[in-house]
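Novice: What follows is a single structure, and I will ask about it in a moment.
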Amino acid sequence: MECRIRKKESPEPNILNQASPFPDEVLERVLGMVKSRKDRSSVSLVCKEWYNAERWSRRSVFIGNCYSVSPEILTRRFPNIRSVTLKGKPRFSDFNLVPANWGADIRSWLVVFADKYPLLEELRLKRMTVSDESLEFLALSFPYFKALSLLSCDGFSTDGLAAIATSCKNLTELDIQENGIDDKSGNWLSCFPESFTSLEVLNFANLPNDVNSDALEKLVSRCKSLKTLKVNRSVTLEQLQRLLVRAPQLCELGSGSFSEDDLTAQQYSEIESAFNNCKNLHTLSGLWDPAEQYLPLLYPACTNLTFFNLSYAPLDGDDLAKLLVHCPNLRRLWVVDTVEDKGLEAVGSHCPLLEELRVFPADPFEDEAIGHGVTESGFVALSRGCPRLHYVLYFCRQMTNAAVATVVQNCPDFTHFRLCIMNPGQPDYLTHEPMDEAFGAVVKTCSKLQRLAVSGLLTDLTFEYIGKYAKNLETLSVAFAGSSDWGMECVLRGCPKLRKLEIRDCPFGNAALLSGLERYESMRSLWMSDCKLTMNGCRLLAKEMPRLNVEVIKEEGCYEGPAQRVYVYRSVAGPRRDAPSFVLAHCGPHNARGSGKGSTTWSIVCTMQPYLVCYMRGYFQNL
Amino acid sequence: MSVTEVPFPSMESSENFTKRSAGLNLKATELRLGLPGSESPEREGTNGFSAPLKGLLSGAKRGFSDAIDGGSGNWVLSGNGGSEMGSGKDGVLFSPRGGAAGNSLALSAAPNCNNQLTNMASSVVKESVPQSPKPLNEKKPQISAPAAKAQVVGWPPIRSFRKNSMASQPQKDDADAEAKSGCLYVKVSMEGAPYLRKVDLNSFSTYRELSSALEKMFSCFTISQCGAYGVSSRENLSESRLMDLLHGSEYVLTYEDKDGDWMLVGDVPWEMFTDSCKRLRIMKSSEAIGLAPRAMEKCKSRT
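Spelled out as structure tokens, the structure:
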């Protein structure tokens, strides 16, 4: 197959071919400096020479949906990859809408990589299943391996981390975030050999159990290039001080627990001076169980802070205000809604350069907590003080259309607007009208909007607005909204850059689904759960669009009737072979399930090479 | 392609679905996530705060036995099984069947189906219009929609990891009397174990749960102790064996109370235990002789 691609003459004469002024090596060298994914995709379309130069010179690849391509196809096109980023499960798996053992196992990828990418250095995974065996295999198969990042993954334990620590001699980055990890023991840290000194990034903030603090201290001592250290909750203030003293060069720090029952005056001043010596800190996080009397310890470290992650530190508004006085350069802030509107006013007062704010709820399931948390007035106060705000994630229990309109008027540059009114289907609490006008204001005013999450009581009007105005929208999340198929049809028709659409509990049915036939191949994926889809609708979609994978997560024995959870995505790899029994992976009539490649794909390769290039470009760019 | 040929989801098929779902065990698939005033009997006496962890821990326990029985390799978070999808056993939380059925149950428990959720929401809204927009102190009228809303899987959209971390935070605001407990971490040490663990006593409500969590936590140590049983690998060890180890002749669970005395766990009512326990220790039973009678005497002298 590879030979066929390289040697095949294209049907029409290629003028550039004859006049190419550069030898391939030069072209590769030059194109190797193009880093952006989109640019590289464009480069690959220019002509055959550039396509080849691009694929030979590419060192890193990003795959937004691991089932859109197979490891075989990937390694065939790009022979020299050193860094791979893979995303697996649909995003709603974070909220338990996807059953366990759904798939996205890294194992089959690693096997191919061990063969084709022996020089692999970096692996970044999100929402993939990773077993301890896979981690061990990784550690033993890639002698030059440097960076491992696991975000929202599951299936492994600290044994797997021990394997990495033991065998990856050149490791610079170990970043384990928010995973479903089985924490068996703290001894994995001791597995880093005495001779190991190359670590630059270490993040184990979400491991629930104690780690061997002695081993941690020694590790931090000998890794002089350590720039990022994020420890877990079990690390005490006292222990933190000992770590900081050994690593004053840190740029990113995640503390452990920020309270201690009996700190002596001496200990306090030691910790104070340790923070004082960290002149390079630009990111601070952790701070579990913060005791307000210890917060001043942080003040000296806050001057150059650009990212403050207090999302595990439930402070009240006053404590936050006192902290923020010392953080004039803050660009990104994550807080818990215990700070309330008062805290957000303080943000508006002290952080004029703020670009991103995320407010997480302390009690997401507490119905009766109305009167706590943040409201529309905090949102407005914030927007007045922070005109550069372009990313917001806001969990609240009450909101008004007027407030949102004011907010976007103050901050018209929003690229990411994620508003979650926690009570599904809740209207404007003052006027009792739907929240249509709020999101209408957002899409009308914020022309750069890329990502939108809507909530509250919404009719089809919201989606009319979105379809009409949100021309740059790439990701849309919808829950408990809409009145009819028309809403979804508006979005599919009106948003040309839409890549990811995730919908739950909305009255959208087969008509809406099928209205997007032409769209899905230019999108990464569509998720619809608890809508009004049926198996017949899904089958029809699969039949009409054979290059889409239409998967239904089904109840046992339920082949007819409602299709409760549907996941649609484009793929050049055909229907997946590892689908568990509860996933019904539809096949179009042409796909040969056994081969796993899909005969349609190969027929494209055999006939028209430029077509293949166009197709592959489409999905590599937008994966 | 013609859309008209496609049978649209009718009320009929949705109702069939509902009827089928009705046969399933509602209780088993009920989402348990810190609902205040929930009707579950196990959770009397705990507030909505600790309930999430407790429910999750029960899930974690099942996950553990799954793993022991050579299950499908589901992983659970130690101490928090928030993102666990059980393999269908009992389906406490988020199990594939339970989740799917539970979800539709939650929304179809109301006489209406999904397509009328909006109408339900607006009818709920209409009923609460007379109330002023200040914080609601009284409970909302008991309509299906609020109850269904509270039971919806995966809403609000918070990652399990964050949910679990926040659930065990100590409460700062003391306005409500009910917010009395946050977390109650005590250290647990064990004979022969190289380091301590911590458990949150408020995340359990019975001794059984506590001992299950502990046996899971310390299983890696007990395994090294059980050479006499001829067990070499984790997969072969059954749950009952571990319980034997912890509750049989080999080890006993003891705690240090506020007075500094060491007592056997299990002699006093659970609430009294959590009030007075400062730390736990898993001792060899040979060392624990003579503790039991003192516990009862102390208890009597207090009351």
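Chains U and Z supply the protein sequences, listed in that same order.
For the first sequence, my numbering assigns the number 53 to the initial residue and increments by one for each residue that follows.
For the second sequence, my numbering assigns the number 1071 to the initial residue and increments by one for each residue that follows.
We put the beta carbon where it would ideally sit given N, CA and C, even for glycine.
Would you kindly report the start and end of the unbroken beta strand (DSSP E) that includes residue 386 of chain U?
Specialist: From DSSP, the beta strand (DSSP E) with residue 386 of chain U extends over 384-388.
Novice: Cutting at 7 angstroms between CB atoms, please list the residues of its own chain near residue 475 of chain U, excluding the five before and the five after it.
Specialist: So the list reads 449, once near-sequence residues are dropped.
Novice: Do we get a CB-CB distance below 7 angstroms when we pair residue 455 of chain U with the residues of chain Z?
Specialist: No, residue 455 of chain U lies away from the interface with chain Z (no Cβ there is under 7 angstroms from its Cβ).
Novice: Output, in chain order, the set of chain U residues within a Cβ distance shorter than 7 angstroms of residue 1227 of chain Z.
Specialist: Simply 147 and 472.
Novice: Does DSSP classify residue 572 of chain U as helix, strand or coil?
Specialist: If DSSP states are grouped into helix, strand and coil, residue 572 of chain U belongs with the helices.
Novice: So, helix, strand or coil for residue 582 of chain U, using DSSP?
Specialist: Looking at residue 582 of chain U - three-state DSSP - the assignment turns out to be coil, as it is neither helix nor strand.
Novice: Residue 113 of chain U by DSSP, collapsed to three states: which one?
Specialist: Three-state result, residue 113 of chain U: strand.
Novice: For residue 1223 of chain Z, return the contacting residues in chain U, with the cut-off set at a CB-CB distance below 8 angstroms.
Specialist: The answer, in chain order, is 147, 148 and 149.
Novice: According to the neighbour-count rule (16 or more other Cβ atoms, all chains shown, within 10 Å of its Cβ), is residue 444 of chain U buried or exposed?
Specialist: Buried: at least 16 other Cβ atoms inside 10 Å.
Novice: Looking at the structure shown, is residue 234 of chain U part of a helix, part of a strand, or coil, going by DSSP?
Specialist: Strand at residue 234 of chain U.
Novice: Under 6 angstroms Cβ to Cβ from residue 344 of chain U, same chain only, skipping five residues before and after it: list those, please.
Specialist: 371.
Novice: Starting from residue 364 of chain U, find everything on chain Z with Cβ-Cβ shorter than 9 angstroms and list it in chain order.
Specialist: By Cβ distance, chain Z contributes 1232, 1235, 1236 and 1239.
Novice: Is residue 590 of chain U helix, strand or coil by DSSP?
Specialist: Reduced to three states, the DSSP call for residue 590 of chain U is helix.
Novice: Rounded to the nearest angstrom, what separates residue 165 of chain U and residue 112 of chain U at their Cα positions?
Specialist: C-alpha separation (whole angstroms): 13 angstroms.
Novice: For chain Z, check one thing: does any of its Cβ atoms lie closer than 7 angstroms to the Cβ of residue 342 of chain U?
Specialist: It does not; no Cβ of chain Z falls within 7 angstroms.
Novice: Rounded to whole angstroms, how far is the Cβ of residue 1224 of chain Z from the Cβ of residue 144 of chain U, which I believe are closer than 8 angstroms?
Specialist: Indeed they touch by this definition, with Cβ atoms about 7 angstroms apart.
Novice: Quick check on residue 199 of chain U - is its C-beta less than 7 angstroms from some C-beta in chain Z?
Specialist: So, not an interface residue.
Novice: Can you have a look at residue 478 of chain U and say buried or exposed, based on whether 16 or more other CB atoms are within 10 angstroms of its CB?
Specialist: It is buried - the Cβ of residue 478 of chain U has at least 16 other Cβ atoms within 10 Å.
Novice: Could you pull the DSSP bridge partners for residue 255 of chain U from this structure?
Specialist: The partner list for residue 255 of chain U (beta bridge, DSSP) reads U:227 and U:282.
Novice: Please tell me whether residue 640 of chain U has its Cβ less than 7 angstroms away from any Cβ of chain Z.
Specialist: At residue 640 of chain U, the pLDDT of 43 sits below 50, so the modelled position is not reliable; the number obtained from the coordinates is stated separately. Not closer than 7 angstroms to any Cβ of chain Z, the Cβ of residue 640 of chain U fails to qualify, so no.
Novice: Would you mind telling me which residues of chain Z sit closer than 8 angstroms to residue 360 of chain U, beta carbon to beta carbon, in chain order?
Specialist: Under the 8 angstroms cutoff, chain Z gives no residues; its nearest Cβ is about 17 angstroms from residue 360 of chain U.
Novice: What residues of chain Z sit near residue 258 of chain U, judged by a beta carbon separation below 7 angstroms?
Specialist: Those within 7 angstroms of residue 258 of chain U in chain Z are 1231.
Novice: Quick check on DSSP: helix, strand or coil for residue 1324 of chain Z?
Specialist: Note: residue 1324 of chain Z maps to strand in three-state DSSP.
Novice: Quick check on residue 430 of chain U: does DSSP put it in helix, strand or coil?
Specialist: Here residue 430 of chain U sits in helix by DSSP.
Novice: Run through chain Z and tell me which residues come within less than 7 angstroms of residue 598 of chain U, C-beta to C-beta.
Specialist: The contacting residues do not exist; residue 598 of chain U stays about 13 angstroms from chain Z at best.
Novice: Distance, Cα to Cα, residue 197 of chain U vs residue 204 of chain U?
Specialist: Approximately 21 angstroms between the Cα atoms of the pair.
Novice: My understanding is that residue 1338 of chain Z touches residue 1323 of chain Z, with C-beta atoms under 8 angstroms, so please give their C-beta distance in whole angstroms.
Specialist: Contact flag wrong, Cβ pair sits at about 13 angstroms.
Novice: Closest Cβ-Cβ distance between residue 1353 of chain Z and chain U: below 7 angstroms?
Specialist: No - not a single Cβ of chain U is within 7 angstroms of the one on residue 1353 of chain Z.
Novice: Do residue 396 of chain U and residue 430 of chain U have their C-beta atoms closer together than 7 angstroms?
Specialist: Closer than 7 angstroms, so yes.
Novice: Residues of the region 367-398 of chain U with a CB closer than 8 angstroms to any CB of chain Z: list them in chain order, please.
Specialist: The region 367-398 of chain U vs chain Z, Cβ under 8 angstroms: 367, 368, 388 and 390.
Novice: Could one say the Cβ of residue 156 of chain U lies closer than 7 angstroms to chain Z's Cβ atoms, at least one of them?
Specialist: No, its Cβ sits nowhere closer than 7 angstroms to a Cβ of chain Z.
Novice: Tell me the DSSP bridge mates of residue 206 of chain U?
Specialist: Per DSSP, U:181 and U:232.
Novice: Applying a beta-carbon distance threshold of less than 7 angstroms, which residues of chain Z neighbour residue 447 of chain U?
Specialist: Simply 1226.
Novice: Would you mind listing the beta strand (DSSP E) stretches within the region 459-521 of chain U that are 3+ residues and don't spill past its ends, in chain order?
Specialist: As far as the region 459-521 of chain U is concerned, its whole beta strand (DSSP E) runs of at least 3 residues are 468-473 and 503-505.
Novice: Should the region 548-567 of chain U be called in touch with the region 524-533 of chain U, which here means at least 3 C-beta pairs below 8 angstroms?
Specialist: Contact holds: three or more Cβ-Cβ distances are below 8 angstroms.
Novice: State the Cα-Cα distance for the pair residue 510 of chain U and residue 394 of chain U, rounded to the nearest angstrom.
Specialist: Between residue 510 of chain U and residue 394 of chain U, the C-alpha separation is close to 29 angstroms.
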